[in-house]
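Asker: Quick one: the structure is below, and I'll ask about it shortly.
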Amino acid sequence: MTNVQIEISDADRERFVRQARREGMTLSGWLYAAACERLESRQRAKPFASVEDVTAFFRACDDLAGPAEEPDWSEPLRVIEASRADKVAGA
Numbered sequence: 055m056t057n058v059q060i061e062i063s064d065a066d067r068e069r070f071v072r073q074a075r076r077e078g079m080t081l082s083g084w085l086y087a088a089a090c091e092r093l094e095s096r097q098r099a100k101p102f103a104s105v106e107d108v109t110a111f112f113r114a115c116d117d118l119a120g121p122a123e124e125p126d127w128s129e130p131l132r133v134i135e136a137s138r139a140d141k142v143a144g145a
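Residue numbers (my numbering): 55 to 145.
Printed below as a string of structure tokens:
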């Protein structure tokens with residue numbers, strides 16, 4: 055097994071330690087898990103190689119199931135307008 059030494063600010067160290075404790079881990083274990091998680095997420099995401107890849111991606115997105123019709127926005131708009139009116143009246 056190899057040891058790795060890094061330099062971080064005292065403030066970052068404290069933040070990392072607190073989070074590691076919340077997750078029931080040591081600082082070393084938490085840093086290792088965070089590095090593995092980052093590496094895994096970066097390896098899954100691959101950039102588009104061509105315009106055709108981008109086009110295929112958006113076609114696949116279009117094929118995903120979604121609502122049959124757009125939601126009715128009248129109620130949310132009414133709530134937004136009421137909130138705006140309250141802020142103007144209270145300001």
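C-beta: ideal position from N, C-alpha, C; glycine also.
Return the chain-ordered list of same chain residues with a C-beta closer than 7 angstroms to the C-beta of T80, the five sequence neighbours on each side being excluded.
Answerer: A74
Asker: Assign G83 to one of three DSSP states: helix, strand, or coil.
Answerer: helix
Asker: Between F112 and F102, which are expected to be in contact by the criterion C-beta below 8 angstroms, what is the C-beta distance as a whole number of angstroms?
Answerer: About 10 angstroms separates the two Cβ atoms, so there is no contact after all.
Asker: Measuring straight from C-alpha to C-alpha, what distance separates A89 and E135?
Answerer: 46 angstroms
Asker: Are the CB atoms of W84 and E94 nearer to each other than 9 angstroms?
Answerer: no
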